[in-house]
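Beneath this line is the structure, given in structure tokens, with notes to follow.
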Amino acid sequence: MRAQTILAIIGGLVALVAIVLIGGYVYLTTLDANDFRAEIAAAASAATGRAVTLGGPLVLEVSGTPRIVAENVSVANAPWGSRPAMAHI
Numbered sequence: 017m018r019a020q021t022i023l024a025i026i027g028g029l030v031a032l033v034a035i036v037l038i039g040g041y042v043y044l045t046t047l048d049a050n051d052f053r054a055e056i057a058a059a060a061s062a063a064t065g066r067a068v069t070l071g072g073p074l075v076l077e078v079s080g081t082p083r084i085v086a087e088n089v090s091v092a093n094a095p096w097g098s099r100p101a102m103a104h105i
């Protein structure tokens, strides 16, 4: 292969990767985490073994470490507990 052909292929691959990364970033920044409120609460409940309630807004932060920021989160107490909520964050 000629050097020009190899450089064109490498340039095309770099452009393709850039388009995928930019498209993924745009998709994530326009995504509303509140649309997944029920799934997030169900996953948190399954992980903790307690009912989890998400009372406040959910915000998806896209950065080096993507995260979902939640406010007004309650985790139910055990049936034998003295209060209804084990934690309110």
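Here my numbering = 1-based position in the sequence shown + 16.
From the three backbone atoms N, C-alpha and C, an ideal C-beta is built for every residue, glycine too.
Since the structure is predicted, the reported quantities are computational estimates derived from the model, not experimental observations.
- Judged by pairs of C-beta atoms under 8 Å, the stretch 65 to 73 touches the stretch 84 to 97, as three or more such pairs exist.
- Taking a cut-off of 8 Å for Cβ pairs, the stretch 40 to 54 and the stretch 74 to 87 touch, as three or more such pairs fall below it.
- When beta bridges are read from the DSSP output, Val85 appears opposite Val75.
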